[in-house]
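Here UniProt numbering is used: the first residue of the sequence shown is 1, the next is one more, and so on.
Beta carbons: idealized from backbone N, C-alpha and C, even for Gly.
Predicted model, so just to flag it, every value in this text is computed and none were measured.
Notes for the one structure printed next.
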Amino acid sequence: MNETDFNWPELCGAVGPCIRPGGTELTERALKVCSLPAGALIADIGCGAGGTLQHLERSGHYRLLGVDRSEELLAEAAKRLQSARLLPGRAEAIPASAETADALLCECVISILEDRGAAFGEFARVVKDGGYLVLSDVFRKGNRGEASLPSREELLRLLSSHGFSLLMWETHERLLREFAVRMIFSGHCLPEPWGCGKGRTGKTVDRSAISYFLLVARKGGGIGGTA
């Protein structure tokens with residue numbers, strides 16, 4: 001979602017600093033699959049107001065890097081973080097050296113990117129061989145739904161073509177519905193492709209054709225499959 005569309009401090013107060021379905025509940029679910037050692041470097045791409053980084057920082061287990069395109073959101077994140085490093089940047093051009101991250105999180109960002117291939121190329125560059133990629137976002141079911149949203153098939157193709165093996169894929173429609181209710185009751189509308197108003201084609205979006213996924217993939221010689 002475009003950072004200019006919302007009053008971020010107000011929205012954080014209404015739905016929390018993790019402005020996405022599932023919040024840190026899904027992040028923790030994914031990290032259990034990763035089984036990272038103490039001191040592992042986790043990069044959060046599209047870290048927003050720093051809700052996930054704050055949650056991870058409190059554990060004391062990880063080194064943390066947060067990247068976001070919004071200076072306003074990075075300023076909000078800096079207020080709540082102690083040790084995490086914060087940098088301005090985009091998923092398509094991550095300001096990090098090659099093979100530095102043990103795990104890379106990109107939560108509720110993929111759906112708004114115009115060049116997903118470039119982003120996956122950056123994920124593959126930054127994640128260490130044997131490291132993990134954690135993604136969560138809305139997606140369209142098959143050929144239904146807003147065309148600008150990724151499909152499961154597109155995401156699996158991008159993973160495979162950039163050297164990632166899928167370890168876990170889950171759908172969480174209930175969490176998407178609950179998040180939508182919280183957004184609406186806080187006085188905010190969901191992004192148009194999510195089913196609020198009309199999508200980029202000008203047609204009313206079929207909300208039943210939209211769901212929410214969580215996936216974990218491993219770079220290099222992980223366990224393959226389609227989950």
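When burial is assigned at 16 or more other CB atoms within 10 Å of the CB, is residue i buried or exposed?
i: R218; result: buried
i: C57; result: Looking at the sequence provided, one finds Glu at residue 57 rather than Cys. That one is buried.
i: G220; result: exposed
i: G48; result: buried
i: G22; result: buried
i: G60; result: exposed
i: V109; result: buried
i: A43; result: buried
i: S161; result: exposed
i: residue 229; result: No answer is possible for residue 229: the residues shown for the chain start at 1 and end at 227.
i: residue 234; result: A query on residue 234 cannot be resolved here, the shown segment of the chain reaching from 1 to 227 and no further.
i: V181; result: exposed
i: E76; result: buried
i: E178; result: exposed
How many whole angstroms separate the CB atoms of residue i and residue j, which I take to be in contact at a CB cut-off of 8 Å?
i: R125; j: A93; result: Their Cβ separation, rounded to whole angstroms, is 10 Å, which puts R125 and A93 out of contact at 8 Å.
i: S211; j: L167; result: S211 to L167, Cβ: 19 Å. No contact.
i: A40; j: Y62; result: 5 Å
i: L105; j: T52; result: 7 Å
i: D102; j: L36; result: 6 Å
i: R116; j: L158; result: 6 Å
i: Q54; j: R80; result: 5 Å
Can you tell me which of the options puts its alpha carbon nearest to the alpha carbon of residue i?
i: L149; options: E114, G130 and V216; result: E114
i: G142; options: S151, L135 and V134; result: S151
i: F213; options: G23, G117, G48 and H172; result: H172
i: A209; options: V138, W169, F179 and H162; result: V138
i: W169; options: A147, Y62 and L135; result: L135
i: A91; options: C108, A119, S35 and L73; result: A119
i: E72; options: E153, L65, R140 and G89; result: G89
i: I45; options: A96, L156 and L215; result: A96
i: R140; options: L155, S35 and V127; result: L155
i: E153; options: A180, V127, L215 and T100; result: L215
i: G163; options: G121, E178, R20 and V181; result: G121
i: I112; options: R69, V181, E76 and H55; result: R69
i: N64; options: V33, I19, K32 and T100; result: Note that residue 64 corresponds to Leu in the displayed sequence, not to Asn. Considering only alpha carbons, the answer is T100.
i: G131; options: G50, L31 and F179; result: L31
i: V67; options: G50, F179 and R20; result: G50
i: S165; options: C34, H55 and R20; result: C34
Open item on the list: Threshold first: 4 residues or longer. Then list the alpha helix (DSSP H) segments lying entirely within the region 58-118, N to C.
Closed with: 71-80
- [ ] Decide if the region 16-26 is in contact with the region 81-89; the criterion is three or more beta carbon pairs, one per stretch, under 8 Å apart.
- [x] no
Open item on the list: If we require 4 or more residues per run, which alpha helix (DSSP H) segments fall completely within the region 19-53?
Closed with: 23-34
TODO: Note down, one range per segment and in chain order, each alpha helix (DSSP H) of at least 4 residues found wholly within the region 149-177.
DONE: 152-161
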